Amino acid sequence: MIIEKRERQILLMSFISGLIFAVIEFIFSIYSHSQSALTDSVYDASELIFIALLLFLTPLFYKPVSEKHPYGYYQIESILLIIKGVMMLSVSMGISIEIIESALSGGNPVNNVQVSLFQLMLGIASIFIFIIMKKMNHNLSSPTVEAELLGWRIDIIYSLGMSIAFFMSRYLSKTPLSFIAPYFDQVIAVLVMIFMLPESVKVLWSAIKDVFLFSPDAELTEEVKELCTPIMEQFNFVPVFFDITKTGRHLWISIYFKIQSDSLAINDFKKASEIIKSKTHENFNECTCELILMP
């Protein structure tokens, strides 16, 4: 309950900050006619839709108490991440077409110093927000919050990079690259798209794997085995098969095992289960683990 409350606080802070940023960027893009600022504003607005769904829609879903493993409920987050990924890719393609059309029609000269100072202020503000969210996220295991932190980290790099790029572009007119000056704003906007694309695809693919219950990474599987096998061996249990599934942030572990003796001591089984559940929860936080005896 405490973890969920803290996560909601982080997302609410990200939502309010993102809303303020999106409005300011949109107003500035109209004032300065900067397409790179408009691109940033549209990305932030897309992020806001995703956070709003998590904050205000997810609590309305029913979490079944009668199901031993409520996979459906834990898939909500992954489905929303897929929506976010598709939305970001669609926005990227739409804006890219507009930018190319603008470039082909003669470019879009802007006040580079003005844009540079604006992006510098956004970068500094983003750093403060990121630090606060990072502290609030201490000892919290949430793919959604991690995705938000990644988004703010990208915003910081993007804003400061944009600030430096636009400041340096003042000197383009004095170089052989002066012909790029009218298109500089579009070039930066396209570079932003290229920079954002891999992250959008990564988030989308990760969510798709969770929804369709793909096998987890080999690294995660080995980590689970290394953690649980020594505990099983302490009680003379022989692990035969590890059934590991990941849905969103939740990890489901079923350990199928055999015994070397003719009978199973109930106390040993209960103790082994308690230790393994404690260890897996300690390492993976959101985790459900069970031991299953094979005949």
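Residue numbers (this note's numbering): 93 to 387.
Ideal placement from N, C-alpha and C gives every residue a C-beta, glycine not left out.
Keep in mind that this is a model prediction, so the values were computed, not measured.
Notebook entry, point to check: In three-state terms, what does DSSP make of T380?
Noted result: Here residue 380 is taken as the residue at index 288 of the sequence shown, counted from 1. In this structure, T380 counts as strand in the three-state DSSP scheme.
Check: What are the uninterrupted segments assigned as alpha helix (DSSP H) that are 4 or more residues long and contained completely in the segment 225-280, given in chain order?
Finding: 235-260
Notebook entry, point to check: If you count every other CB in all the chains shown that lies within 10 Å of the CB of I108, and 16 or more means buried, which is it?
Noted result: Start at 1 with the first residue of the sequence shown, and residue 108 comes out as number 16. So I108 counts as exposed.
Check: For H342, which beta-bridge partners are listed by DSSP?
Finding: Taking the sequence shown and counting its residues from 1, one reaches residue 342 at position 250. Beta-bridge pairing links H342 to T339.
Note to self: Let's see if you can read the secondary structure: which residues bound the alpha helix (DSSP H) around A137?
What the structure shows: What you label residue 137 is simply residue 45 of the sequence shown in a count that begins at 1. Element bounds for A137: Q127 to A144.
Note to self: Suppose you measure from the CA of I367 to the CA of C381; what does that come to, to the nearest Å?
What the structure shows: Taking the first residue of the sequence shown as 1, we reach residue 367 at position 275. Taking the first residue of the sequence shown as 1, we reach residue 381 at position 289. Taking the straight line joining both Cα atoms gives about 11 Å.
Next item on the list: State buried or exposed for S121, treating a residue as buried only when at least 16 other CB atoms are found within 10 Å of its CB.
Entry: Start at 1 with the first residue of the sequence shown, and residue 121 comes out as number 29. Classification for S121: buried.
Next item on the list: Could you name the residues that DSSP lists as bridge partners for I347?
Entry: For this step, residue 347 is matched to residue 255 along the sequence shown. I347 is bridged to F334 and L383.
Margin query: I want to check one thing, is the minimum distance from the CB of L149 to the heavy atoms of the ligand MG below 7 Å?
Written below: No copy of the ligand MG appears in this structure; indeed no ligand is present at all.
Note to self: Would you call the segment 293-301 in contact with the segment 140-149, where contact means no fewer than 3 C-beta pairs closer than 8 Å?
What the structure shows: no
Next item on the list: Under 8 Å Cβ to Cβ from T372, same chain only, skipping five residues before and after it: list those, please.
Entry: Reading the sequence shown from its first residue, position 280 is the one you call residue 372. V316, L319, C320, L343, I345, C379 and C381, listed in sequence order.
Next item on the list: Compute the distance between the beta-carbons of I143 and N229, then report whether it is under 8 Å.
Entry: Reading the sequence shown from its first residue, position 51 is the one you call residue 143. Reading the sequence shown from its first residue, position 137 is the one you call residue 229. Result no, Cβ atoms of I143 and N229 do not sit closer than 8 Å.
Check: Among F113, G243 and F304, which has the Cα closest to the Cα of I168?
Finding: Taking the first residue of the sequence shown as 1, we reach residue 168 at position 76. Out of F113, G243 and F304, F304 has the C-alpha closest to the C-alpha of I168.
Item checked: Buried/exposed call for T332, threshold 16 Cβ in 10 Å -> Position 240 of the sequence shown holds residue 332. Note that residue 332 is Val in the sequence shown, not Thr. Exposed.
Item checked: Buried versus exposed call for Q352 [16 or more other C-beta atoms within 10 Å across all chains shown] -> The residue you call residue 352 lines up with position 260 of the sequence shown. Q352 should be labelled exposed.
Next item on the list: Please determine, among M105, R262 and A114, the residue with the shortest C-alpha to C-alpha distance to Q206.
Entry: Here the question's residue 206 lines up with position 114 in the sequence shown. Ranking the options by Cα distance to Q206, first place goes to R262.
Next item on the list: Would you kindly work out how many angstroms separate the C-alpha atoms of M105 and M225, rounded to a whole number?
Entry: The count along the sequence shown starts at 1 and reaches residue 105 at position 13. The count along the sequence shown starts at 1 and reaches residue 225 at position 133. The straight-line gap from Cα to Cα measures roughly 8 Å.
Notebook entry, point to check: DSSP puts F69 in a beta bridge; with which residues?
Noted result: Since the displayed the chain opens at 93 and closes at 387, residue 69 lies outside it and no answer follows.
Notebook entry, point to check: When you compare each of R100, H125 and A129 to A114 by their alpha carbons, which one comes out closest?
Noted result: Here residue 114 corresponds to residue number 22 of the sequence shown, with the count starting at 1. Closest option to A114, Cα to Cα, is A129.
Next item on the list: Report back the beta-carbon spacing between D302 and T339 to the nearest angstrom; my notes put them in contact at under 8 Å.
Entry: Residue mapping note: residue 302 aligns to position 210 of the sequence shown, counting from 1. Residue mapping note: residue 339 aligns to position 247 of the sequence shown, counting from 1. 5 Å between Cβ atoms; contact.
Item checked: Length of the line joining the Cα atoms of S334 and I116 -> Along the sequence shown, read from residue 1 onward, the residue named residue 334 stands at position 242. Along the sequence shown, read from residue 1 onward, the residue named residue 116 stands at position 24. Just to set this straight, residue 334 is Phe in the shown sequence, not Ser. Between F334 and I116, the C-alpha separation is close to 51 Å.
Checklist line | Supposed contact pair G110 and D136 - C-beta distance, whole angstroms, cut 8 Å | finding: Within the sequence shown, residue 136 is the residue found at index 44, counting from 1. Within the sequence shown, residue 110 is the residue found at index 18, counting from 1. Contact holds; Cβ gap of about 5 Å.
Item checked: Straight-line Cα distance separating N203 from S182 -> Counting from one through the sequence shown, the residue named residue 182 turns up at place 90. Counting from one through the sequence shown, the residue named residue 203 turns up at place 111. One C-alpha to the other measures close to 29 Å.
Notebook entry, point to check: Nearest to G253 by alpha carbon, out of F287, M179 and K97?
Noted result: Here the question's residue 253 lines up with position 161 in the sequence shown. The option with the nearest alpha carbon to G253 is F287.
Notebook entry, point to check: Does the distance from the C-beta atom of A364 to that of I323 stay below 8 Å?
Noted result: Here residue 364 refers to the residue found at position 272 of the sequence shown. Here residue 323 refers to the residue found at position 231 of the sequence shown. Against a cut-off of 8 Å, the Cβ pair of I323 and A364 comes out as a contact.
Note to self: Please report the straight-line C-alpha distance between L283 and S370, rounded to a whole angstrom.
What the structure shows: Working through the sequence shown from its first residue, we reach residue 283 at position 191. Working through the sequence shown from its first residue, we reach residue 370 at position 278. Approximately 47 Å between the Cα atoms of the pair.
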